[in-house]
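If you read the sequence shown in my numbering, its first letter stands for residue 65, the second for the next number, and so on.
C-beta atoms are modelled at their ideal positions from N, C-alpha and C, and glycine is treated no differently.
Here the structure is a predicted model, which means the values were calculated and not measured.
In what follows, a structure is listed as structure tokens, so that the remarks can point back to it.
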Amino acid sequence: MGELHNLKGLAVLVIDDEIAALDSMEESLHGEGAQVSRAQNIKQALGLLQNNAIDIIIAALDLVNEQCIEMIKDYQDYESVETSQESVRYIVDDYIKKPLDIERFVVMVETSMGRTIAGSTSLTVVDPLVAKVKPYFLFRSPVMRRALTHLPQISSSEQTVLITGETGSGKEIVARGIHVLSRRSSGPFVPINCGAIPESLIEGELFGHEKGAFTGAIKTRKGKFETADNGTLFLDEISEMPLTLQVRLLRVLEDGIIYRVGGEEPLDIDVRVIAASNVDLQKAVKDGLFREDLYYRINVLRINLPPLRERVEDIPLLAVHFLERAFVEMGWEPPFPSLSAETIYILEQYKWKGNVRELRNIMTRIATLLPQNTKRIFPHHILPHIDDAGRAKASEHYESAQEGVFIPPGTPMKKVEDIMIKQALKQTNGNKTKAADLLGISLRNLRRKINK
């Protein structure tokens, strides 16, 4: 990344009372083409600001407070400098953990200052497929594009479609997209969740019933197949359908004829069926839970949706979309609060077991509970709203406190040194340069101690 000089022409002021940290940051920033000034306290920093034009300030969190921020604002006009009454009382532009990860820092700067990140994909819709389906679902990841590459052809067909993917990955959204892009778009789109209806009722839900067919059937009622006539019927979680009903469904798909419960007259229907499942139907066939003949009948055209954790490029796009939608629903006026680069990084690291649905719910929750007048959403805004396991993983890089090491009293100093070196190497995944920074010693000194 250093060859690209992504910070070239930018003047950076680093404020830290640790000499080793200043040395490390200065070296990294110089490597990216930045002009670096350094200060060990706020007084020195203000002196530099008085005589120099500074684009970016990196300050150790324990050296600045709200008063310092106001003094800095008096010296130079920093639009990104804000004060906040949040749990973190003073907010500049973003937070990043020490030691400085220069590659992530460059991305943060480019995101904040509007510079183009080398190799990045523009949010501008240029792909014809993306442009066509954008009203229904958003993506820019290559893996999602591969999954949907044949969507226009699938939509124009009249064949049955099977959509597979984890819960919350957007199977119904894709089914709706297929319907709207098809020749049946003027007809109804009728969804039914086969797993949400009791087994005793699902037959009537699908096929309807005649008056007097059973106790309580006081009038004739149309089922979902009739309701979806000349349109699309979406059978979600089809694996939950009882085996006895699977036989009837297979016959309907083959003949295009249904019988209401308690009825003897055949009814012609013109319905396209799209089925979805979050389980492996082939395994369900082997386990005797799903009919093999029905599986091959619905698996004519297939779309497999990747989980959100495999389409990381889509996470910021979707997060912003869900946030802005929630703000609009709440009556907020634009411009809406933006996501900081570190916040986006944490969202990208989170595993999203609930996929797009979980992301949508969390973004809605954040928007609803966000304090008024907030201009930027930081990690401390989002971490309380994700589950404990995910929070521990996602905030691992963000928390400033390092993992503790227990050293029994009386341990020889040489042994203590060995323990700390091993811990530093473990924490930096074997990176000796970063381990040396963490220990506050030179790389040459660290190598010498390791060799001993």
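When rounded, the separation of the alpha-carbon atoms in L112 and R508 is 32 Å. Distances from the alpha-carbon of Q99 to those of N116, A85, N105, I106 put N116 closest.
Classified as buried, R424 has 16 or more neighbouring CB atoms from the shown chains inside 10 Å of its CB. For I121, the uninterrupted beta strand (DSSP E) segment begins and ends at 120 to 123.
Taking the Cα of S341 as reference, the smallest distance to any Cα among V335, P476, K235 is reached at K235.
By the criterion of a C-beta distance shorter than 6 Å, K417 is surrounded by no residue of its chain, once the five residues flanking it on both sides are discounted. Contact between L71 and L86 does not hold, since their C-beta atoms are separated by about 17 Å, which reaches or exceeds 8 Å. DSSP places R366 in the uninterrupted beta strand (DSSP E) bounded by 365 to 368. The beta carbon of K288 sits closer than 7 Å to the beta carbons of V254, I256, E269, L270, L297 from its chain, once the five residues preceding and following it are set aside; these are given in chain order. CA-CA distance, V335 to G229, rounds to 24 Å. Comparing C-alpha distances from R315 to each of L331, R373, D81 shows the shortest one belongs to L331. Shown here, T438 sits in coil according to DSSP, grouped into three states, outside any helix or strand.
The beta carbon of D357 lies closer than 8 Å to those of L314 in the same chain, with the five residues before and after it left out. Under the criterion of beta carbons closer than 8 Å, V173 and I367 do not qualify as touching, at roughly 39 Å. A direct Cα-to-Cα measurement between L245 and K283 gives close to 36 Å. I321 counts as exposed, since fewer than 16 other beta carbons sit within 10 angstroms of its beta carbon. Contact between V76 and I106 does not hold, since their C-beta atoms are separated by about 17 Å, which reaches or exceeds 8 Å. If one requires a minimum length of 3 residues, the beta strand (DSSP E) runs lying completely within the region 339 to 411 are 365 to 368, in chain order. With contacts defined as CB atoms closer than 8 Å, H243 and S250 fail to qualify as a contacting pair. Judged by beta-carbon spacing, Y359 lies beyond the 8 Å limit of V343, meaning their Cβ atoms are not closer than that value. Check the Cα spacing between G504 and each of A103, K162, E96, D126: the tightest is with K162. In the DSSP assignment, S101 falls outside any alpha helix (DSSP H) and within the unbroken beta strand (DSSP E) covering 99 to 103. When C-alpha distances from S205 are compared across L309, C132, E412, the shortest belongs to E412.
When DSSP states are grouped into helix, strand and coil, I282 belongs to the coil group. The alpha-carbon separation between R102 and E90 amounts to approximately 8 Å.
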